[in-house]
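Letter by letter, the sequence shown follows residues -9 to 421 of my numbering. Glycine included, each C-beta is placed from N, C-alpha and C at the ideal position. To start, the structure under review is shown below, and the notes come after it.
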Amino acid sequence: MKKIKTIYVPMGADVIHSGHLNIINQAKKYGEIIIGLFTDSAIAEYKSFPIINFEQRYEIMKNIRGVNQIVKQDTWDYSKNLKVIKPDYLIHGDDWKIGIQRKTRTKVIQILKKWGGKLIEIPYTRSPQISHVHEKVKNNFFTIESRVSILKRLIESKNIVRFIESHNPLTGLIIENLKITYKNSFREFDGMWSSSLTDSVARGKPDNQSVDYSTRLGGLNEILDVTNKPLIFDADNGGRIEHLSYLIRSLERAGVSAVVMEDKVGLKKNSLYKNQSGVKQDSIINFCKKIRKANESKLSKDFLIIARIESLILGKKLEDAIKRAEAYSRAGADAILIHSKSKNSNEVFNFAKKFKKNKFYKPLVAVPSTYSKTHEKDLVKNGFKIVIYANHLLRAAYPAMLNAARTILANQRSYDVEKKISSIKEVINLI
Ligand code: SPV
Ligand code: MG
-9 MKKIKTIYVP MGADVIHSGH LNIINQAKKY GEIIIGLFTD SAIAEYKSFP IINFEQRYEI
51 MKNIRGVNQI VKQDTWDYSK NLKVIKPDYL IHGDDWKIGI QRKTRTKVIQ ILKKWGGKLI
111 EIPYTRSPQI SHVHEKVKNN FFTIESRVSI LKRLIESKNI VRFIESHNPL TGLIIENLKI
171 TYKNSFREFD GMWSSSLTDS VARGKPDNQS VDYSTRLGGL NEILDVTNKP LIFDADNGGR
231 IEHLSYLIRS LERAGVSAVV MEDKVGLKKN SLYKNQSGVK QDSIINFCKK IRKANESKLS
291 KDFLIIARIE SLILGKKLED AIKRAEAYSR AGADAILIHS KSKNSNEVFN FAKKFKKNKF
351 YKPLVAVPST YSKTHEKDLV KNGFKIVIYA NHLLRAAYPA MLNAARTILA NQRSYDVEKK
411 ISSIKEVINL I
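Structure below.
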């Protein structure tokens, strides 16, 4: 009897559209279809993080006519699955002949050759309707709940989750839309950091809670209106414990994924100020109460409470930071932000090394504003899961604006600055 051919069809299948169904229908003609369904982390290696999680994508795929089997593909590299399955054919859209997937394609062809397998390429369905539907579905699929839970999924699937500061909707759009490929690797920011520093500076006020939560939440909602990526809110010390549940509820309702609370009390100063005199750290007991309160107040299990330790900022010893990390973790913190204003990463890495051995270890968050030479790969090596570039878009905008204003004043006309600023067309096309 003639052996039935096996057809491997790799897919992310985030938002299923007629292009996917076309591939499945074509593949059916050759034999039995095994879908190689990419996990969230495999997808994150080469394109934007999927809106729908793996389990849900699996459920949808299982119910599509023509699909005989689904296997998990947990890396962007196909080698592992192909060597086990040894399919007769691999079917893929021809879009991967160019761009970032080109190398993967070459490797797949080489592997298939080992047992006489063949690659069949189907013309990729490039239709404006599909792109439109994809965008529309994407925007509509982002319920508040799914948006809140994306951060947790990112932490579970990526080596490092990359956040950058957003102080207005325009910066939110940059973070939402900027994607680059660099040395054959796909890169984007995973979400937005709502910074007390840049929220304050953007309003011309000091970072000492002069800008209240209501004002900041108003700005935050404007950012969330035009973006889908997760947002982490810098809540300073979380305010009074009696008010904390209202803050947490407001953040969750707005679609925020996590709150960072720092263990300080009294009038606040920004942690990067050289002179920290008069700044007090909270007691462990008190701060743990706040963590517990924040946890009791949240409605979604996926909303994360991140405890920020200021011991190193205030010149205390590593042991103090470790003691606090353990206590905060036991009180229910989902992650620990260990802050530092050192010029290098030694102290945060020493902390990470020590805390790693603790049985209450939690994922670590770094804010490398002063130790900016530290590369993401070294943060990963030292066990950090989230990196926050806490103020860079505001710092980029300020000198550019100042220079434009100065050039106009000096020349008494605007022509001389034209080359250094966006064209009107570019600005109009932004939105
Ligand atoms: C912020 O961005 O507001 C922060 C980080 O809290 S830092 O400015 O380093 O204190
Ligand atoms: Mg802050």
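- In terms of Cβ geometry, Y318 and I281 form a close pair [threshold 8 Å].
- Apart from sequence neighbours up to five positions away, the residues of its chain that approach N43 with a beta-carbon distance below 7 Å are D30, R143, ordered along the chain.
- About 6 Å separates the beta carbons of G245 and V138, which is inside the 8 Å limit, making them a contact pair.
- Taken from the Cβ of S185, at least one heavy atom of the ligand MG lies inside 7 Å.
- The Cβ atoms of I299 and A311 sit closer than 8 Å to each other.
- Approximately 6 Å separates the beta-carbon atoms of H157 and L384; this is inside 8 Å, confirming the contact.
- With contacts defined by Cβ atoms closer than 8 Å, I75 and A3 do not form a contacting pair.
- When only Cα atoms are considered, L221 and W183 end up about 6 Å apart.
- Taking 7 Å as the cut-off, the C-beta of D197 counts as close to a heavy atom of the ligand MG.
- Taken in chain order, the whole beta strand (DSSP E) runs of length 3 or more contained in the stretch 280 to 368 are 294 to 299, 325 to 328, 354 to 356.
- A residue is called buried when at least 16 other Cβ atoms come within 10 angstroms of its Cβ; T217 meets this threshold and is buried.
- Residue environment for S186: buried (at least 16 other C-beta atoms within 10 angstroms of its C-beta).
- Rounded to the nearest whole angstrom, the CA to CA distance from Y203 to I88 is 48 Å.
- If you draw a straight line from the Cα of I326 to the Cα of P77, it comes to about 45 Å.
- Counting along the chain, D224 sits inside the beta strand (DSSP E) bounded by residues 221 to 224.
- Set against 7 Å, the gap from the CB of D224 to the closest heavy atom of the ligand SPV is smaller.
- T188 has its CB nearer than 7 Å to a heavy atom of the ligand SPV.
- The beta carbon of K93 is closer than 7 Å to those of N174 in its chain, skipping five residues each way along the sequence.
- Nearest in C-alpha terms to G268, of all of L257, G373, R403, is L257.
- Spanning the alpha carbons of T161 and P389 requires a straight line of approximately 16 Å.
- Counting of Cβ neighbours within 10 angstroms places K219 among the buried residues, the total reaching 16 or more.
- For S175, the three-state secondary structure derived from DSSP is strand.
- As computed with DSSP, R152 is found in a beta bridge with V377.
- The criterion of a C-beta distance shorter than 8 Å is not satisfied by S290 and E232.
- Within the same chain, Cβ atoms closer than 8 Å to the Cβ of Y361 are found at S330, S332, K333, N334, S335, V338, the five residues on either side in sequence being excluded.
- Look at the stretch 229 to 283 and you find these whole runs of beta strand (DSSP E), each 3 residues long or longer: 248 to 252.
- Closest option to K367, judged by alpha-carbon separation, among I150, M391, L27, N260: I150.
- Around the beta-carbon of E286, fewer than 16 other beta-carbon atoms lie within 10 Å, marking it exposed.
- Assignment of S184 by DSSP, reduced to helix, strand and coil, places it in the strand class.
- Checking the 7 Å criterion, the Cβ of L262 is within range of a heavy atom belonging to the ligand SPV.
- The C-beta separation of K37 from F176 comes to about 6 Å, placing the pair in contact by the 8 Å criterion.
- When the five nearest sequence neighbours on each side are left out, the beta carbons in the same chain lying within less than 7 Å of the beta carbon of S240 are those of L207, in order along the chain.
- Cβ contact annotation for N340 (same chain, cutoff 7 Å, sequence separation greater than five): L308, in chain order.
- Within the chosen limit of 7 Å, the ligand SPV does not reach the beta carbon of S332 with any heavy atom.
- In this structure, N227 is the residue among Q63, Y263, N227, Q266 with its C-alpha nearest to the C-alpha of V250.
- Looking at the backbone, the Cα of L234 and that of K410 are separated by about 45 Å.
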